[in-house]
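So the sequence shown is residues 134 to 489, counted in the numbering used here.
Don't be surprised by glycine CBs; every beta carbon is placed ideally from N, CA and C.
Small disclaimer: the values here were computed from a predicted structure and weren't measured.
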Amino acid sequence: MDQTIRFTNSADGLKLAYALCGSGPPLVKAANWLSHLEYDWQSPVWRHWFRFLASGSTLLRYDARGCGLSDWSASDFSLDAQVADLEAVVDAAGVTGFPLLGLSQGGSVAIEYACRHPDKVTHLVLFGAFARGWLVADPKVAQKARALFDLIEAGWGQENPVFREVFTSLFVPGATREQQQWFTDLMRVTSKPAIAANILRAYGMLDIRSRLADVRIPTLVFHCRSDACIPFGLGRELAAGIPNARFVELDSHNHVLLENEPAWGRFCALLDEFFGRKRAPSPVESTADLKALAELTERERKVLALVAAGLSNAEIGGQLFISEKTVRNHLTRIFDKLGVNSRARAIVLARDAGLH
């Protein structure tokens with residue numbers, strides 16, 4: 134998918150790189166640590182995110198100060214500076230009336246922006262986010278965080294990837310070898326070790342709990358149950374503080390969802406539902422796809438319908454009184470019959486056929 138990269142100035146004069154891709158109503162993603170507008174598209178850890186987000190929407194994303202194609206000369210990484218950067222990018226792109234997505238550290242930026250600009254944001258989605266940073270959340274967590282900050286400055290710049298692999302194991306413990314390599318390399322090309330550490334320290338000191346009650350727009354909060362990077366309790370605390378926010382627990386160990394895990398399909402289905410996005414079937418593929426769907430057994434159609442409704446394997450098993458292993462076996466056969474290799478694609482076909 135092609136993207137257009139442009140530059141604008143931050144409030145304090147830094148150059149910020151932002152990109153637009155896809156077509157349709159705008160969808161804005163707040164920057165998170167770490168990113169690179171070009172490199173991320175090639176990454177097996179991130180590209181499925183951007184393909185999905187830009188399908189049916191014009192996706193606006195940008196590199197945070199100190200990262201990627203934006204200026205690396207930044208010294209101010211405060212929340213106010215980060216929010217001002219989002220304001221500058223939104224104004225430069227000329228978008229309004231958009232859903233706002235905040236992943237991980239980008240969640241706090243998205244929350245503050247939504248509080249300041251409720252007239253511009255229609256929906257707020259938070260994934261793996263938090264209201265309290267590592268340094269204020271818990272003394273034990275703070276001790277571990279400080280050790281990791283030191284590790285960044287001491288080892289990230291070295292050719293030996295062993296230091297960066299520590300972070301890869303926290304962010305995507307379920308990654309394949311290829312995905313691990315891409316994520317490890319991403320750290321080298323997105324920023325300098327000292328900048329990366331300073332960004333994390335700034336986020337680590339955040340405490341926006343008093344701001345959560347000021348969110349006045351529909352909010353959907355996702356958090357992975359076994360997230361080793363941002364503890365599950367912090368995600369639950371975040372959702373509890375936002376009036377009427379919906380909280381979704383995802384069955385994953387990863388901080389960044391990978392394409393072939395069941396939680397990714399559930400995330401996609403629920404996000405489309407929250408945004409009210411309707412996906413039209415491809416006119417070239419629809420006839421063959423519908424024929425394949427018609428050849429599924431009654432039990433397979435029930436399983437697929439529940440997948441399309443956004444249920445996890447455990448929830449599907451509970452409804453059909455079968456084990457998770459049996460659900461996985463059904464899905465393997467369903468994917469084979471449909472000629473797909475991901476839960477997300479199977480969901481699209483099921484929705485096109487009206488199975489959900």
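Residues bridged to residue i [DSSP beta-bridge criterion]
i	result
Cys357	Leu383
Cys154	Gln136 and Leu192
Backbone secondary structure at residue i - three-state DSSP
i	result
Ile375	coil
Asn446	helix
Pro306	coil
Thr430	coil
Phe365	helix
Val417	The predicted model places Val417 with a pLDDT of 35, which falls under 50 and marks its position as unreliable; any figure quoted below should be read in that light. It is coil, neither helix nor strand.
Pro272	helix
Ala477	helix
Val389	coil
Phe400	helix
Gly266	coil
Thr141	strand
Asp204	coil
Gly199	coil
Val161	strand
Gly451	helix
Phe300	helix
Gly239	helix
Range of the contiguous alpha helix (DSSP H) that encloses residue i
i	result
His256	Where His256 is concerned, there is no enclosing alpha helix (DSSP H), although the beta strand (DSSP E) it sits in stretches over Val254 to Phe260.
Pro351	Here Pro351 belongs to no alpha helix (DSSP H), and DSSP marks it neither H nor E.
Val460	Glu457 to Leu471
Pro326	Pro326 to Gly337
Asp340	Premise fails: Asp340 is in no alpha helix (DSSP H) and is neither H nor E.
Inter-residue CB distance, residue i and residue j (contact presumed, cutoff 8 Å)
i	j	result
Arg432	His463	7 Å
Ala278	Leu371	At roughly 18 Å, the Cβ-Cβ gap does not stay under 8 Å, so Ala278 and Leu371 are not in contact.
Val381	Leu353	7 Å
Val305	Gln314	Wrong, their Cβ atoms sit about 11 Å apart, outside the cutoff.
Ile350	His256	6 Å
Thr317	Glu286	That pair is no contact at about 17 Å.
Nearest to residue i (by Cα), restricted to the options the options
i	options	result
Ile244	Val348, Gly337 and Gly155	Val348
Ser343	Ser385, Arg265 and Glu428	Arg265
Gly366	Trp267, Val473 and Val389	Trp267
Lys253	Gly230, Val269 and Ala361	Gly230
Val223	Asp204, Tyr195, Leu202 and Ser241	Tyr195
Val389	Gly157, Arg180 and Arg369	Arg180
Lys411	Ala152, Tyr151, Pro158 and Ala150	Pro158
Residue range of the beta strand (DSSP E) that includes residue i
i	result
Phe185	No beta strand (DSSP E) contains Phe185, which is instead part of the alpha helix (DSSP H) from Arg180 to Ala187.
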